[in-house]
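Data block below; observations after.
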């Protein structure tokens, strides 16, 4: 059954082996040099890499993590500390601009509405339009930093990391603008009425 | 031939009927697998295509797609090609016709049971090994039937030496058996529910040892064997290098088995294992390319024919994509590349370059070669075959490029930190999703083209078969009986298939033992942390809902030690956190955010609304609605059995905890229902699955967040 019709060029004949499987023949070309280089190169690289990082305890993945973390958290702490400082003048400029309050409503509808319902009537989170307050005290000075820090244990995210300064001032201005809004079916009051200073 | 030799000739025939059956099955399941793929691709682009039906959600169909593509489509194609070539390479009929039939029908039955059980949510929650224990046993039985049939044929062969294709078939049969059995060991809770005996990091390691090598020994080695048969046959050219065959076969088989942990880079798996996974993956590059070289250089001098002959065109393209994928694989295994690519669509694109580019293309080339021979007919239309080729190639191009763009884009967005403020540039996960939705459309269209191309092939081949006029009577061949083995060296080994098989087994056992044994011995795998307590009974039930709905197909539970992840999700996951997780749920893709630390991040009511319609809470979410979770009752009747099984697996539940599990679960469910009721949910929610799921989600990561410090993470 060696009646195969394989095409074999003259120059290849000396490399043809005496193998025949269902008409399949085999050459015995040498392994290409670039292939051998890749093969041994990868193995040597592997031995070197493993030795450096594992056997000789090179810096591990978490080392990089801790270095970066320290650096980035320092930046972040600085940024958040600065952000939290409530600036009355900036706030007033936002609160007195209908355009900015409107932007605050947009920010509110994108981020806050899921828990506080339209116009802050309260749902999963408390009613933001009545006189009762859980954490903030119903003033922009107290609302603004609370939004930034949040209260993760109560499900209020720390928005300082999610929203920029503009959005934070605008949404504070919007929340102040809906104080006392006559909701038809508001959430029952939570917290206390803050004492007037 | 002289007179004497003629007297020694034995007569035999080939069983080609079974090859024809497997050919039909390949066409059928290929179409099904690709249709499922296209369906879930569109579901990601447009969430409403989840249809609001539990059986059709992405989480349940995605496992069906992967199982169908791997085991139904490629599996049947492999069996067709192996059975055709094996007989001819051995000059012997298949060992036993009845075994062949049992193999065929057994395998189809397994596929049908997968197609029923996976949409019903019966799953082990382990990727590409989702099928539940009775089906796992059936797979084992059918695989043994295949092995007996295969080795029986080898024993009866009339060809002294076994050809390189058969080496690869041997590697397939041996290794898939080992992988499947070791990874699937579990303790049944009921007929269609079981818990893996492995937990946490150990389960992750064994699962990806399996998962990676399912790719290696189900999608690669058998197909390389087919390449070694069909490429020289179709090209009428000798194989390029016998020496290269030997070197790349043994290096491939030995090295592949070690590479599994590259799926777990930057996870809580001990770092030495991650590094082993990476360096062996890099070392795999050359052995893989050895196969590509032998395939492509066999075609030397035949390139003009590659342009006109559809068989060669598909085969050459397949080998080229094999080369591309096996370069991309090692690249993705490099830790720094992986840190961007892991959990993204880049990996999805990589997998499809392999399955479509390599498996589909090679299967197509093989079928265009086989069908005319099996049915004594001609290809109905070369033009249609060319049309198929270009449709598939362009579709695949769209697929790969869109996934590269989506993967790199999302990976970079996840990690982007503002250099001035030290905060995430894209803190809302959903921003990174909406950004890549256009790429999901491109991918879905690419996938559709691939599906269309496959349907064209089915039409083309069925028309070819219909045109067959001759009867398909088996022909009689003659060959002398097996001669003595007088060769030396590797050539001698090729005459001793059983010893060859044992050596293959030893080659794959080395890596397996070195990587897995320490997980049974070393304490470092199961760091004792008193802050970790087992799940409460209700949380355990909720976890089973999580697994049933296939949540792990879109959500990981593994925060990697990177600052961007720490800012987004919280502390890096610690190995001890998943110590009671039978099975682990670290996940492989973040279509949605990581959930390792989602516990107590949101109020119960947030989760309740979110499960009913995720868009209530996240405007642009692409997650399906899960309204049935608020309708379906919790299955308390199996709870005690589940607790007992967990106890048997080493989870420290006391007997009294097991005895009071139903009561305890109902108590916890009522607590959650009371809180939901404050927001207006009917109290009857207390015995619904959604409450169990909420209890599980609220538990995730919360304990360790209190107990484990950064320094302990560092250890």
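Residue numbers (my numbering), protein chains in the order written: chain A, 14 to 210; chain B, 10 to 724.
Ideal Cβ placement from N, Cα and C applies to all residues, glycine included.
Being a predicted model, the structure only gives us computed values, none of them experimental.
- Residues of the region 46 to 78 of chain A with a C-beta less than 7 Å from any C-beta of chain B: 48, 51, 52, 55, 56, 58, 59, 62, 63, 66, 67, 73, 74, 75 and 78, listed in chain order.
- In the three-state reduction of the DSSP assignment, residue 488/B falls in the strand class.
- Residue 384/B carries a coil assignment under DSSP once its states are collapsed to helix, strand and coil.
- A straight line joining the alpha-carbon of residue 18/B with that of residue 484/B spans about 16 Å.
- Separation of the CB atoms of residue 171/B and residue 92/B is rounded to 16 Å, and the pair is thereby denied contact status at 8 Å.
- Listed along chain A, the residues sitting closer than 7 Å to residue 299/B by beta-carbon distance are 48.
- With respect to the C-alpha of residue 459/B, the residue from 284/B, 476/B, 20/B and 39/B having the closest C-alpha is 39/B.
- For residue 146/B, the closest of 118/B, 167/B and 169/B by C-alpha to C-alpha distance is 118/B.
- Neighbours of residue 571/B in chain A, taken as residues whose beta carbon is under 7 Å from its own, are 78 in chain order.
- Nearest CB-CB separation between residue 203/A and chain B: not below the 7 Å threshold.
- Contact between residue 236/B and residue 320/B fails: their C-beta atoms lie close to 12 Å from each other, not under 8 Å.
- Using a 10 angstroms sphere on the CB of residue 447/B, the tally of other CB atoms stays under 16, which defines it as exposed.
- For residue 344/B, the enclosing alpha helix (DSSP H) starts and ends at 344 to 350.
- For residue 610/B, the residues of chain A that pass the 9 Å Cβ criterion are 165, 168 and 170, in the order they occur in the chain.
- Shown here, residue 640/B sits in coil according to DSSP, grouped into three states, outside any helix or strand.
- Burial state of residue 47/A is exposed, judged by a 10 Å Cβ sphere holding fewer than 16 other Cβ atoms.
- If you look at residue 198/B, you'll find it in the beta strand (DSSP E) that goes 195 to 199.
- Around residue 310/B, the beta-carbon contacts reaching into chain A at under 8 Å are 20 and 22.
- For residue 306/B, same chain residues with a beta-carbon under 7 Å away, outside a window of 5 residues either side, are 249 in chain order.
- Against chain B, the CB of residue 127/A has a partner CB under 7 Å away; the residue lies at that interface.
- Straight through space, the alpha carbons of residue 109/B and residue 216/B are spaced by roughly 30 Å.
- Interface annotation for the region 693 to 712 of chain B against chain A: empty, criterion Cβ-Cβ distance under 7 Å.
- Straight-line spacing of the CA atoms in residue 108/A and residue 443/B works out to 32 Å.
- Residues are counted here when their Cβ sits less than 8 Å from a Cβ of chain B; for the region 29 to 42 of chain A these are 29, 30, 32, 34, 35, 36, 37, 38, 39, 40, 41 and 42, given in chain order.
- Looking at the DSSP output, residue 169/A sits in a beta bridge with 164/A.
- When the Cα atoms are used, residue 104/A and residue 177/A turn out to be separated by approximately 14 Å.
- Residue 371/B has its alpha-carbon roughly 9 Å from the corresponding atom of residue 239/B.
- Per DSSP, reduced to three states, the secondary structure at residue 242/B is helical.
- Between the alpha carbons of residue 456/B and residue 148/B lies a gap of roughly 29 Å.
- Using beta-carbon distances, residue 44/A counts as an interface residue toward chain B, with a partner under 7 Å.
- For residue 146/A, the secondary structure class from DSSP, reduced to helix, strand or coil, is strand.
- Between residue 128/B and residue 121/B, the alpha-carbon positions lie close to 12 Å from each other.
- If only uninterrupted beta strand (DSSP E) runs of at least 3 residues are considered, those enclosed by the region 460 to 528 of chain B are 486 to 489.
- Taking the Cα positions, residue 143/B is about 11 Å away from residue 150/B.
- Taking a cut-off of 8 Å for Cβ pairs, the region 609 to 621 of chain B and the region 163 to 183 of chain A touch, as three or more such pairs fall below it.
- When 65/B, 675/B, 652/B and 659/B are compared, the shortest CA-CA separation from residue 665/B is found for 652/B.
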